[in-house]
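For what it's worth, the working numbering labels the leading residue of the sequence shown as 1037, then goes sequentially. In this text, a Cβ means the ideal position worked out from N, Cα and C, and glycines have one as well.
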Amino acid sequence: MDYTSLATLWATIALIIFLGVAVYIKVPGMIAKALDARAARISNELDEARRLREEAQQLLGQYQRKRKEAEKEAADIVAAAKREADMLAAEAHKKTEDYVARRTALAEQKIGQAERDAISEVRASAVDIAVEAARALLAGKMDAKAGADLFKASLADVKSKLN
């Protein structure tokens, strides 16, 4: 035998012994356990990642619902404020119209009263002038006593007719 084949033989024997010792001390089982433990850890991490993803999806859904509710509530608030502003504007317009109508009626009443007062003054002045003219006319035609009696009677007659 030559030296290389002898070395090869010893290397083969050493390999067989090494593999035998490795099998005897259960190295393949330990490797399998280590690989199984690592696979279990990876599987747990994947499960945890799925669970966290599902929680994130649920939270996202909740926040989206809350955002939609908040947007709807804000729109409702804006709509209510617009309705209230329209109502206040309409009420202010109506109050203004009522105020103008009351002021117009009051002005018309004052004008009517002023017209009545003016007519009364004109009548009173006309009566006074007519009475004075009649007195002057009668004074020229009658004596003083008969004129005074006639004047008093005429004055009483005119007053009763005016009132």
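Check: Is Asp1038 helix, strand or coil by DSSP?; Outcome: coil
Check: With three or more C-beta pairs closer than 8 Å as the rule, is the segment 1183-1197 touching the segment 1158-1172?; Outcome: yes
Check: Quick check: the Cα distance between Val1136 and Glu1144, rounded to an integer number of angstroms?; Outcome: 12 Å
Check: According to the Cβ coordinates, are Ser1190 and Ala1170 closer than 9 Å?; Outcome: yes
Check: Taking Cβ to Cβ, would you say Val1167 is nearer than 9 Å to Phe1187?; Outcome: yes
Check: In this structure, how does DSSP classify Lys1146 when only helix, strand and coil are distinguished?; Outcome: helix
Check: Lys1131 by DSSP, collapsed to three states: which one?; Outcome: helix
Check: Rounding to the nearest angstrom, what Cα-Cα distance links Gln1098 and Ala1068 in this structure?; Outcome: 44 Å
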